Structures are given as structure tokens and as C-alpha cells.
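Visitor:
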Amino acid sequence: QGGGSAVIDMENMDDTSGSSFEDMGEMHQRMKEEEEEEEADGEAGAAEEEDGEFLGMKGLRGQLGRQVADQMWQVGKRQASKAFSLYANIDILRPYFDVEPVQVRTRLLESMIPVKMINFPQKIAGELYGPLMLVFTLVAILLHGMKTSDTIIREGTLMGTAIGTCFGYWLGVSSFIYFLAYLCNAQITMVQMLSLLGYGLFGHCITLFVTYNIHFHSLFYIFWLGVGGLSTLRMVAVLVSRTVGHTQRLIMCGTLAALHMLFLLYLHFAYHKVVEGILDTLEGPNMQPFQRVARDIPVVSNAILNTTAKAVALTL
Amino acid sequence: FAGLSDVSISEDIPVEGEITVPVGSQSPDEDYSTLDEPVRDTIMRDLKAVGKKFVHVMYPKKSSALLRDWDLWGPLVLCVSLALMLQGGSADSKDDGGPQFAEVFVIIWFGAVVITLNSKLLGGTISFFQSLCVLGYCVLPLTVAMLVCRLVLLAGSGTVSFVVRLIVVIAMFGWSTLASTAFLADSQPPNRKALVVYPIFLFYFVISWMILTFTPQ
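For the record, the sequence lines run as chains B and Z.
For the record, in the first sequence the residue sitting at position 142 is 142 according to the UniProt record's numbering, with numbers rising by one throughout.
For the record, in the second sequence the residue sitting at position 216 is 216 according to the UniProt record's numbering, with numbers rising by one throughout.
1. Identify, in the order they occur along the chain, each residue of the same chain with its Cβ nearer than 6 Å to the Cβ of residue 169 of chain Z, setting aside the five sequence neighbours on each side.
2. Would you tell me roughly how many angstroms separate the C-alpha atoms of residue 37 of chain Z and residue 46 of chain Z, rounded to the nearest one?
3. Tell me, to the nearest whole angstrom, how far the beta carbon of residue 205 of chain B is from that of residue 141 of chain B; I am working on the premise that it is less than 8 Å.
4. With DSSP collapsed to three states, give me the class of residue 213 of chain B.
5. Pull up the distance between the alpha-carbon of residue 50 of chain Z and that of residue 40 of chain Z, whole angstroms please.
6. Hey, is residue 147 of chain B's beta-carbon within less than 8 Å of any beta-carbon in chain Z?
7. Contact criterion: CB-CB distance below 8 Å. Does residue 206 of chain Z meet it with respect to chain B?
8. Go ahead and pull the three-state DSSP assignment for residue 229 of chain B.
9. At least one CB of chain B closer than 8 Å to the CB of residue 84 of chain Z: is that the case?
10. Taking only the alpha-carbon atoms, compute the straight-line gap between residue 78 of chain B and residue 31 of chain B and give it to the nearest angstrom.
11. Note the first and the last residue of the continuous alpha helix (DSSP H) segment covering residue 140 of chain B.
12. CB-CB under 7 Å to residue 184 of chain B, same chain, minus the five flanking residues each way: which ones, in chain order?
13. Which runs of the alpha helix (DSSP H) at least 4 residues long sit entirely within the UniProt domain "Yip1" (59-210) of chain Z? Give them in chain order.
14. Do you know offhand how far residue 142 of chain Z's Cα is from residue 180 of chain B's?
15. Which residue's Cα is closest to the Cα of residue 168 of chain B: B:119, B:83 and B:194?
16. CB-CB under 7 Å to residue 155 of chain Z, same chain, minus the five flanking residues each way: which ones, in chain order?
17. Could you check where the alpha helix (DSSP H) with residue 104 of chain B kicks off and where it finishes?
18. Taking Cβ-Cβ distances shorter than 7 Å, what residues in chain B pair up with residue 121 of chain Z?
19. What's the gap between the Cα of residue 137 of chain Z and the Cα of residue 75 of chain Z?
20. Return helix, strand or coil for residue 212 of chain Z, following the three-state DSSP convention.
21. With respect to the alpha helix (DSSP H) encompassing residue 168 of chain B, which residues constitute its N-terminal and C-terminal limits?
22. Given that residue 101 of chain B touches chain Z, what residues does it touch there, using C-beta distances under 8 Å?
23. Relative to the C-alpha of residue 171 of chain B, which residue among B:187, B:191, B:159 and B:161 is closest?
24. Hey, would you say residue 145 of chain B sits closer than 8 Å to residue 212 of chain B, going by beta carbons?
25. Run through DSSP, which three-state label would residue 56 of chain Z get?
26. Chain Z partners of residue 167 of chain B, CB-CB under 8 Å?
27. Give a yes or no on whether the minimum CB-CB distance between residue 103 of chain Z and chain B is below 8 Å.
28. How should residue 61 of chain Z be labelled, buried or exposed, when 16 other C-beta atoms within 10 angstroms of its C-beta is the threshold for buried?
29. Which value, in whole angstroms, describes the spacing of the CA atoms of residue 100 of chain Z and residue 258 of chain B?
30. Does the beta-carbon distance from residue 196 of chain B to residue 133 of chain B come in below 8 Å?
31. Could one say the Cβ of residue 216 of chain B lies closer than 8 Å to chain Z's Cβ atoms, at least one of them?
32. Hey, does residue 266 of chain B have any beta-carbon neighbour from chain Z nearer than 8 Å?
33. Assign residue 119 of chain B to buried or exposed, taking buried as 16 or more other Cβ atoms, counted over all protein chains shown, within 10 Å of its Cβ.
34. Within the same chain, show all residues whose beta-carbon is closer than 8 Å to that of residue 72 of chain Z, passing over the 5 residues directly before and after it, in chain order.
35. On the three-state DSSP scale, how would you describe residue 125 of chain B?
36. Using only the alpha-carbon positions, how far apart do residue 223 of chain B and residue 43 of chain Z sit?
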């Protein structure tokens, strides 16, 4: 049995003919199987005799090499199983979920307050629980908005669209801004960026929750500028505090601000019903009530086709 | 005392005997070899286990039966029946019937997996399938709500029916959340219960929302 003993016989430091890595693995496996058979059947004597004969064939010469190869095999096996259990383990995400409810609440409120000190790098908590919950909340609010506005999704499902939009925004824009940070030499890691953008969605959640239920356009614009603007300002201030150089600061913050505000605008107008007659537009109340925006393009084109056909038929 | 201290055995008498330990009764074998029993017994045993868990969900006490012997039959049945009842509730006639079923199915299982992962990452002591089992079984009140909504919608779809449906769905949503919290929150460290309850709340909220906004064609 090569693997267990720590004593190396110095007499046999000759060539290691007859023992290779694969042979060692095979031998090891065979010996293990033989051991198991031993335990099951109780034929201890016969197995030992076979073992003795087997080693005798290889001879005492390659014993050192065999031991080394056997140890290498075991170390390799241990490393492989360790690597597998490392990457297939969700425990690598565990430190990012180590939060208390008080901390989450504090961070949610802080995400609406822009910091004043931009000359000193601000601390960002690299936590993923809050952002993940906020993204799911946004998905739920979006679903509510789509259902109440009777949005008809042609290719795909409501739920798929909502999840795809929100997660796509969170992951995609985070990666893009992280890439820009790499180019502009800003001091921020991927997890921190995910966390920052995730908490920035808190403003979006509030805005959409209010304006999907109260259909005033000017109210939406106030919320867009006020709440959306505050959360954008906070994210921008934190990024500015971690970037050096005017051009770089301008690039990063301009991109982030534009994407964040435009996303809120998109979410409101793409998935929200324009109610006729309750509009409070800037043009004043003398405008004719805005017609319902049809999402169903084929129906509209069909209607147009029908009316033109009728008009043509009447003129003929 | 000299006689007592003499425990030596004379060398010409061979020592022999049985070293085997007598194995206990054959009952452990009987428990594992359920291959020979009639199919009816197997089915009835599984059905009884599922039924007992349904009763546990409707009257959530802190019993460990739901957790100990988890099974996913109940959640599968509930999920399929809920998805079947929610089908055909969209504005379009033919093409949205398919995705609706798959949508509900995916939402329930994907949501349950996410909540389980979340509670494990927050330091929960419950295993993956136990959590899936509890979350699946606690969909039962919402399935009952769906049945009631369908019956109410058969009668009519005015404001009164909407109010009735709203009350029923809210009540069942509360019941689901409380039932699953009663089973799951115990396995968390005490100061983080709110962090685990919120995703469960969101999950059942989405399902309740789907039930409430269901309109038949």
C-alpha cells in the first residue's frame, strides 16, 4: 500500500520503471476496490495474498517512485474536489448578504441624500441583498403598471419583459459603467457598482409606484426631476469622489446621469396608459383630449387600411 | 481470593466460539423493501402524507412534520392547478394561452428557488428542498382564492364582485405569508427575520396580483 506510509526506503532510489501516474491511479483504485471487497466478504486472507503478489511483481525498485506518484495522485484529487466545491458553492456569495435590517433601511434612506464632500473617496458598502430586493420590487411594480395599462406584449410574456428589463438594466448598466470606470481610472469594484446602482433604483421604485396609480403627467415630471434627480445626484457624487481628473469625471457622471434618468422616463412611457381627458399637459386645458395610444400596431394599421379603403370606395 | 485472580487459560485447550454479533430483528429490512407491497399501498401512503401537509398549512402550528419529510408532490399539484386556472385570462385569444401557463409555472418555481437561496445566504439552517416544499405548500390558500374568484366571476364581473374578490385574495395572501413565515422564519437568526420575510411577501404578492387581475374571456 503506497499511499499511507511516511517511511521512504532510501535503498530504492533507482529508476522508477513500471510506475507512471496513470498506473498509480489505477493501482490505487484497484486497491481501494479490493479493500472494499475485503470488508464485505471477509476474505481477508485471499486479498492480502493477492496484494503481496502484486507488489512483488513490480519489485522493490520503483517503490519510491510509486509512493511519490501515489501522493501526487491523492493531492491532485484533493485539489480537484476542493476546486469543485469552491465554485459550485453558494457560500462565495455569503459575505455580500451579511446585513442587518437596520443597515438596509439606513442605506435605502441614504441613497436619496447626495453627499457634499466630493474630494474624499466615499465609502460604498458592497452588499447585494438590498439591490436584489429593489430589483425584484421594481419588477413587481412594473408588472402592476403593465397590467393596469393593458399592455399587449406580442413577442413574449409580461413577466419575461419585466424581469428582462429590470435585470438587464441593473446588470448591463453596471457593467458598462464599470468598464468606463476602468477606462477613466476610477476606484470602484464591480460589486460596489452593482450595489450603488441597485440602491439608486429606490428612487425609481418610489416614482413608479406613485405615478402608476395617480395618472397626472405633471406629477410624473415633478417626481422624475425631484426623486430621480436626487438618487442620480447621490450616485454621481459618489462616483465623482472616486475619480480623478475633470474629463474623466465628466464622462462617467454624464453617462450615468443620462442612463438613469432616461430609464425612468422609458419605464413610465413605455408601460403606462395615457388616460384620455385626465391629462394636465403644459399646453393647457384647451387641447382636445389625447386619444388612447394604441400599442397594437397591426390593429391600428388595419383600421387605417379599412378607413382608406372605405374612403376610396366612396369616391369611386 | 487466589481463585478469583486466576484468569489464565491452560494452553492445551483451544479457544473457540462465535464472534458474530447476533443481528437484531428483521424489521429495518421490512421498512426499506417497499418494492413488494401492492401499488395501492404506496399511493395511499404518499397521498396521506400530502394530505397531512395540506392540513398543516391550513392550520399553521409550529410542527416539524412539514419540514422533516419534505416532498414536492403537493407543490406540483398546486402549481399545475393554479396555472391551469389562470390560463386564458389575457386579452388575446390564441397565442397568449400558452405562455400564460408557462409564465405561472416559471414564476412559482423560480421565485421559490430565489427565496430559498436568499434565506440560505442570510444564514438559514433549513435545507434547499425543505424550503421549496414549504413555499410550494403555502400556495394552497392562494389556489383556494383562485377557485373562489373563478366562481364569483361566473356570477358576474361588476364592482361588487371585484370587492369580494379583493377581500378574498387579500385574506388568502395574508394567510399564505403567515403560514410560510411560521415555518421558515424559525430557521433564521432572530434579528434577520424581516430580511427573509420581505421576499416571501413579494412572491405571494405577485401571485395574488395575477389572481386578482384575472379576467375570463
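We put the beta carbon where it would ideally sit given N, CA and C, even for glycine.
None of these values were measured; they are calculated from a predicted model.
Guide: From the atom records:
1. 145, 208, 211 and 212
2. 13 Å
3. 6 Å
4. coil
5. 15 Å
6. yes
7. yes
8. helix
9. no
10. 18 Å
11. 129-148
12. 243, 248, 251 and 252
13. 65-68, 73-85, 97-121, 128-137, 140-155 and 159-184
14. 46 Å
15. B:194
16. 161
17. 101-110
18. 90, 93, 94 and 97
19. 5 Å
20. helix
21. 158-184
22. 191, 192, 194 and 195
23. B:191
24. yes
25. helix
26. Those within 8 Å of residue 167 of chain B in chain Z number zero; the least Cβ separation is about 12 Å.
27. yes
28. exposed
29. 35 Å
30. no
31. no
32. no
33. exposed
34. 129, 132, 133 and 136
35. coil
36. 59 Å
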